[in-house]
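Chemist: Sequence order for the protein chains is A and B.
Take the first sequence: its position 349, counting from 1, is numbered 349 in my numbering, and each next residue is one higher.
Take the second sequence: its position 58, counting from 1, is numbered 1058 in my numbering, and each next residue is one higher.
By construction, the Cβ of each residue, glycine as well, lies at the ideal position given by its N, Cα and C atoms.
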Amino acid sequence: MAIYRSHVLVCGGTGCTSSKSVLIKERFEEKIKEINLDKEIQVVLTGCFGLCEQGPIVIVYPEGTFYSKMSLDRVDEIVSEHLNKGRIVKKYVYHETDEDTEKVKALADIDFYKKQKRVALRNCGVINPENINEYIARDGYLALGKVLTEMTPEEVIKLVKDSGLKGRGGAGFSTGMKWSFAAPNKADQKYVICNADEGDPGAFMDRSVLEGDPHAVLEAMAISGYAIGATKGFIYVRAEYPIAVHRLEIAIEQAKDLGLLGKNLFGSDFDFDVEIRLGAGAFVCGEETALMQSIEGYRGMSRNKPPFPAVKGLWGKPTIINNVETLANVPQIIINGPEWFKSFGTEKSPGTKVFALGGKINNTGLVEVPMGTTLREVIYDIGGGCPNGRAFKAVQTGGPSGGCLVKDHLDTEIDYDNLTALGSMMGSGGMIVMDEDNCMVDIARFFLDFTVDESCGKCTPCREGTKRMLEILDKISEGKGTMEDLDRLENLAQTIKDTALCGLGQTAPNPVLSTIRYFKDEYLAHIVDKTCPAGVCKKLLKYNITADCKGCTKCARICPVGAITGKVKELHVIDQNKCIKCGACMDACSFHAIIRK
Amino acid sequence: MQKGLCVKEKENEFRRLKEFIESKKETQGIMMQTLQEAQNIFGYLPIEVQKFIADETGIPLAEVYGVVTFYTQFSVTPKGKHKIGVCLGTACYVKGAQLILDKLSKELGINVGATTEDNLFTLEATRCLGCCGLAPVMMIDDEVYGKLETKQIPEIIAKYRG
Chain A
1 MAIYRSHVLV CGGTGCTSSK SVLIKERFEE KIKEINLDKE IQVVLTGCFG LCEQGPIVIV
61 YPEGTFYSKM SLDRVDEIVS EHLNKGRIVK KYVYHETDED TEKVKALADI DFYKKQKRVA
121 LRNCGVINPE NINEYIARDG YLALGKVLTE MTPEEVIKLV KDSGLKGRGG AGFSTGMKWS
181 FAAPNKADQK YVICNADEGD PGAFMDRSVL EGDPHAVLEA MAISGYAIGA TKGFIYVRAE
241 YPIAVHRLEI AIEQAKDLGL LGKNLFGSDF DFDVEIRLGA GAFVCGEETA LMQSIEGYRG
301 MSRNKPPFPA VKGLWGKPTI INNVETLANV PQIIINGPEW FKSFGTEKSP GTKVFALGGK
361 INNTGLVEVP MGTTLREVIY DIGGGCPNGR AFKAVQTGGP SGGCLVKDHL DTEIDYDNLT
421 ALGSMMGSGG MIVMDEDNCM VDIARFFLDF TVDESCGKCT PCREGTKRML EILDKISEGK
481 GTMEDLDRLE NLAQTIKDTA LCGLGQTAPN PVLSTIRYFK DEYLAHIVDK TCPAGVCKKL
541 LKYNITADCK GCTKCARICP VGAITGKVKE LHVIDQNKCI KCGACMDACS FHAIIRK
Chain B
1001 MQKGLCVKEK ENEFRRLKEF IESKKETQGI MMQTLQEAQN IFGYLPIEVQ KFIADETGIP
1061 LAEVYGVVTF YTQFSVTPKG KHKIGVCLGT ACYVKGAQLI LDKLSKELGI NVGATTEDNL
1121 FTLEATRCLG CCGLAPVMMI DDEVYGKLET KQIPEIIAKY RG
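1) Terminal residues of the continuous alpha helix (DSSP H) containing residue 176/A?
2) Can you tell me which of 35/A, 386/A, 89/A puts its alpha carbon nearest to the alpha carbon of residue 65/A?
3) Mark residue 359/A as exposed unless 16 or more other C-beta atoms lie within 10 angstroms of its C-beta, in which case mark it buried.
4) Can you find the residues in the same chain that come closer than 6 Å, C-beta to C-beta, to residue 286/A, ignoring five residues on each side of it along the sequence?
5) Taking residue 1095/B as the query, report the chain A residues whose CB atoms sit under 8 Å from its CB, ordered along the chain.
6) Taking the straight line between their C-alpha atoms, what separation do you get for residue 1061/B and residue 174/A?
7) State the DSSP-derived secondary structure class of residue 569/A, mapped to helix, strand or coil.
8) Between the stretch 404 to 421 of chain A and the stretch 457 to 469 of chain A, are three or more C-beta pairs nearer than 8 Å?
9) Any beta-carbon of chain A closer than 8 Å to the one on residue 1076/B?
10) Along chain B, in chain order, which residues have C-beta atoms closer than 7 Å to that of residue 298/A?
11) Using the rule of at least 16 other Cβ atoms within 10 Å of the residue's Cβ for burial, across every protein chain shown, is residue 268/A buried or exposed?
12) Show which residues of chain A have a CB atom less than 9 Å away from the CB atom of residue 1038/B.
13) Would you be able to state if there are at least three C-beta pairs under 8 Å between the stretch 337 to 348 of chain A and the stretch 187 to 194 of chain A?
14) Residue 367/A lies in the beta strand (DSSP E); which residues open and close that run?
15) Look up residue 399/A in the DSSP assignment and say whether it is helix, strand or coil.
16) Can you tell me whether DSSP reads residue 435/A as helix, strand or coil?
17) State the Cα-Cα distance for the pair residue 1098/B and residue 314/A, rounded to the nearest angstrom.
18) With 9 Å as the C-beta to C-beta threshold (strictly closer), list the residues of the stretch 279 to 292 of chain A near chain B in chain order.
19) Which stretch, first to last residue, makes up the alpha helix (DSSP H) that contains residue 1083/B?
20) Where does residue 1078/B sit, in a helix, a strand or coil, going by DSSP?
21) Using DSSP with H/G/I as helix, E/B as strand and the rest coil, what is residue 595/A?
22) For residue 257/A versus residue 264/A, is the C-beta distance shorter than 8 Å?
23) For residue 1101/B, does the count of other Cβ atoms within 10 angstroms reach 16, so buried, or fall short, so exposed?
24) At a Cβ cut of 7 Å, what residues of the stretch 45 to 66 of chain A count as close to chain B, listed as they run along the chain?
25) What's the C-alpha gap between residue 503/A and residue 402/A?
26) Using C-beta distances below 8 Å, list every residue in its chain close to residue 1001/B, excluding the 5 sequence neighbours before and after it, in chain order.
27) For the stretch 1111 to 1126 of chain B and the stretch 1075 to 1083 of chain B, state whether three or more C-beta atom pairs, one from each stretch, are separated by less than 8 Å.
28) Three-state secondary structure (DSSP) at residue 266/A?
29) Per DSSP, residue 274/A forms a beta bridge with which residues?
30) Per DSSP, which one or two residues make a beta bridge with residue 1139/B?
31) Roughly how many angstroms separate the alpha carbons of residue 437/A and residue 532/A, rounded to a whole number?
32) Quick one: grab the DSSP three-state call for residue 386/A.
33) Mind reading off the beta-carbon distance from residue 329/A to residue 210/A? Whole number of angstroms is fine, and I expect it under 8 Å.
34) What is the rounded straight-line gap between the Cα of residue 456/A and the Cα of residue 300/A?
35) Could you please give the first and the last residue of the uninterrupted beta strand (DSSP E) stretch that includes residue 358/A?
36) Just to confirm, is the Cβ distance from residue 365/A to residue 1073/B under 8 Å?
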């Protein structure tokens, strides 16, 4: 293997790829070749670095210089200054504030990374995910080797059980327990499935693991297969993740070539094979029974449990289904032992959790922190708080199945039990921050609109109930709601929670219940005062013309319903009874004289 | 009404699909893969294609149709030349994706889910595209447009009309 004096790591995650990081990588290679340094400097496309807000990101080693918001022009300067002459280009280095532009901080000292502990993401942004040798150099497939040559399946299950690892996909069920249910069942064929149908809008940790460290998932699947006696694995991944699918295909191919997947792994009599199956855009397929239906080639509709998949799963055979992030922890646990894993996090929820920070937050991106870290640390210390000096209002966790948490909860230690107690849930780890400009009735409506659309339609509470809830919320957001509607909404929510068939329906009312719980005043403002305090709900907005109006008549001419009147060079007026709130006047006004409130 | 598909004109496409189905004879649960391949070949899944799949695989047509209409990825109507997908994931939504979608709908004169009369654009609201750092985001074909503001929309659309 060639030795290089410098490495240029270019982020190849979906966020940075969307802002053309592949072109940046090519430009680096081209420019480095021009000055004949291509034997000394290697350019690598890696997985996600996490700080997506600052993308495209480039890190130069051995210095660990963190260049942010890269562009092709900047590449040229960095190659000629930094790589050729050894002078770091300070002006392009990532700075936490606008004042400290002279300081160059090492990666580990940047606030965004300081409080993080990377276990599931340990290789993301470090290795080239399309080269199995880089994974092996980072102890890859060591755990599989250890398991196959030194341990019995029972010992593997006990070790995972002892570590206290819980499913990172949402419900938080003990992974070791799950495996132990499937292991004793006798069958001619058993299956393991990796659930990579990451549907929670705003959560992208599973995608980042698949894109940045695909072999960790394959290795863990083989380990789980050995533990329960399965020789066949499926990865069910969203078709919307083309980069992840592509890298998985490469990874499977390379692992097969090296005999790390296939027959007689590590000279044992254990065979294991993995196949990729693509989803087709159905949120409910993240639910395990629906997911199996989809793999079998049917409509992805969930069914009653029991029988649990561990007894009767894919094609009626014992099956275990684990989420991507859960699996990414497994090889580390095998190598370092359960005590090491338990040294992070809380007693009941050991280990770390990856969160996708998004919405109204300065450092949008992917963070991995020990369980028990407070919301304040994640949102302020790591996330940098809300942009533009706006006030923090709420954070939504758990996506369409979760709820919102407010200012008073900022010092809550994040773990499964604490979040559930507050009416939200861990979910897959999406964390959407909202500021004072977001209307909570509108957010509840948004999530319900999502679940109505994604309900598989099998059970009545979910199919009909969520639809009725959405209608009531529509009414409220249009200013036509009554106090009885609010009671009806809560009643209906409780009934759906108690009676829906699967997790999707049982959790669908959560966003509504939690917004009513913490933002009742906002609901009342919509119902009683017929106003939307955040200025979001269209039907409750009013357009008005201010004294800045120059009387140019542009708005009057553009108004589709003739609601604006006024003489040339005089203040114009909007007739509120005629106005349809289309906003055309506001777009047209050159003097910013029309306001919406 | 679905537009009919002239089976004769598409002989090559049907042959490709048949070859795919035959190559997967030994694989369990091939319905989804077959439909995905068929959509790649034809661009959409008209009833003629569904019938063909039913005949070739022995799966009842009703079941094929059931699966096609269950998943949002599959379409039974043809799409415009350029597909515009506005991300309505939560991160984009709280940053005003709905306003972007409304603006596009106005600019193109079509509702969400529809195709323009000249078959140039299909406007869709998509699930989370996963580039939340660039919110609000839209995709036109394979091109991603991030940190969008409504005022940029006419200019971007004009580029594709050009």
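Modeler: Straight from the coordinates:
1) Residues 175 to 182.
2) Ranking 35/A, 386/A, 89/A by Cα distance to residue 65/A puts 89/A first.
3) Counting other Cβ atoms within 10 Å of its Cβ, residue 359/A reaches 16 or more and is therefore classed as buried.
4) Around residue 286/A, the same chain offers 197, 199 as residues with beta carbons nearer than 6 Å, after the five sequence neighbours per side are excluded.
5) 359, 360, listed in chain order.
6) Note on geometry: alpha-carbon atoms of residue 1061/B and residue 174/A lie some 41 Å from one another.
7) DSSP places residue 569/A in coil when its eight states are reduced to three.
8) At 8 Å Cβ cutoff, the stretches do not touch.
9) Taking Cβ atoms only, chain A never reaches closer than 8 Å to residue 1076/B, which makes this a no.
10) Within chain B, the residues near residue 298/A are 1067.
11) So residue 268/A counts as exposed.
12) What residue 1038/B touches in chain A: nothing, since even the nearest Cβ is about 12 Å away.
13) Touching, no, given that fewer than three Cβ pairs across the two stretches are closer than 8 Å.
14) That run of the beta strand (DSSP E) goes 365 to 370.
15) Helix.
16) In the structure shown, residue 435/A sits in a strand (DSSP, three-state: E or B).
17) Annotation: residue 1098/B to residue 314/A spans about 39 Å, alpha carbon to alpha carbon.
18) Under the 9 Å Cβ criterion, the stretch 279 to 292 of chain A contributes 279, 280, 281, 282, 283, 285.
19) Note, residue 1083/B: premise wrong, no alpha helix (DSSP H); beta strand (DSSP E) at 1082 to 1087.
20) In this structure, residue 1078/B counts as coil in the three-state DSSP scheme.
21) DSSP places residue 595/A within a strand segment (E or B) once states are collapsed to three.
22) Not closer than 8 Å, so no.
23) Here residue 1101/B is buried: its Cβ has 16 or more other Cβ atoms, across all protein chains shown, within 10 Å.
24) Under the 7 Å Cβ criterion, the stretch 45 to 66 of chain A contributes 52, 53, 55.
25) Residue 503/A and residue 402/A: Cα-Cα distance of roughly 11 Å.
26) Because residue 1001/B sits at a pLDDT of 40, beneath the cut-off of 50, its placement in the model cannot be relied upon, and the following sentence gives the value as read from the coordinates. Excluding positions up to five away in sequence, the list is empty.
27) Flag = yes, the stretch 1111 to 1126 of chain B and the stretch 1075 to 1083 of chain B touch.
28) Judged by DSSP in its simplified three-state form, residue 266/A adopts helix.
29) Under DSSP, the beta-bridge partners assigned to residue 274/A are 233/A.
30) Beta-bridge partners assigned by DSSP to residue 1139/B: 1085/B, 1144/B.
31) Looking at the two C-alpha atoms, the distance is approximately 10 Å.
32) Of the three classes helix, strand and coil, the one that applies to residue 386/A here is coil, per DSSP.
33) Incorrect: roughly 14 Å between the Cβ atoms, too far for contact.
34) Rounded to the nearest angstrom, the two C-alpha atoms are 7 Å apart.
35) Following the DSSP letters along the chain, one finds residue 358/A inside the beta strand (DSSP E) bounded by residues 352 to 359.
36) No, they are not a contact pair.
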